[in-house]
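Heads up, the thing below is written out as structure tokens.
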Amino acid sequence: MDLEERVLAIVGRSRGGLTVEAVSEAYAKDMEKDIKETLDRLSQEGQVNRNRGANGQPTTYHRAVIHRRGQSPASE
């Protein structure tokens with residue numbers, strides 16, 4: 001579904017008028033599952049690092065940094 005179709009679907013679900021901010025928030029919520037699946041796949045492929053949150057904290061994703069054997073991150 002492209003952006004225009006998603007926006008039309010969001011507006012179609014509304015009973016009243018929506019602001020740009022409301023449509024943006026609804027779009028982000030709709031995309032959350034797709035984004036999570038993409039991040040999890042990228043993590044499995046080694047393109048991003050995934051850190052599970054502890055004590056109820058959310059999982060975070062970070063840029064994967066590849067270090068050559070024998071070098072510390074500071075020496076790059």
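Position 54, counted from 1, in the sequence shown is what full-length UniProt numbering calls 54; the numbers after and before it change by one each time, with no gaps. The beta carbon of each residue, even a glycine, is placed where N, CA and C say it ideally should be. What you are looking at is a predicted structure, and each value in this text was computed from that prediction instead of being measured.
Within-8 Å CB hit, residue i to chain C
i: Leu42; result: Considering every chain present, this structure includes no chain C. It has just one protein chain.
For residue j and residue i, the rounded distance between their alpha carbons
i: Ile35; j: His62; result: 14 Å
i: Ala64; j: Ser24; result: 29 Å
i: Met1; j: Val11; result: 15 Å
i: Glu5; j: Ser14; result: 15 Å
i: Thr19; j: Glu37; result: 28 Å
i: Ser43; j: Ala26; result: 26 Å
N-terminal and C-terminal residue of the alpha helix (DSSP H) that residue i is part of
i: Thr59; result: Unbroken run through Thr59: none, as it is neither H nor E.
i: Asp40; result: 20-44
i: Gly12; result: 3-13
Extent of the continuous beta strand (DSSP E) to which residue i belongs
i: Arg50; result: 48-51
Open item on the list: For the structure I just gave you, are there three or more beta carbon pairs, one from the stretch 12-31 and one from the stretch 46-54, closer than 8 Å?
Closed with: no
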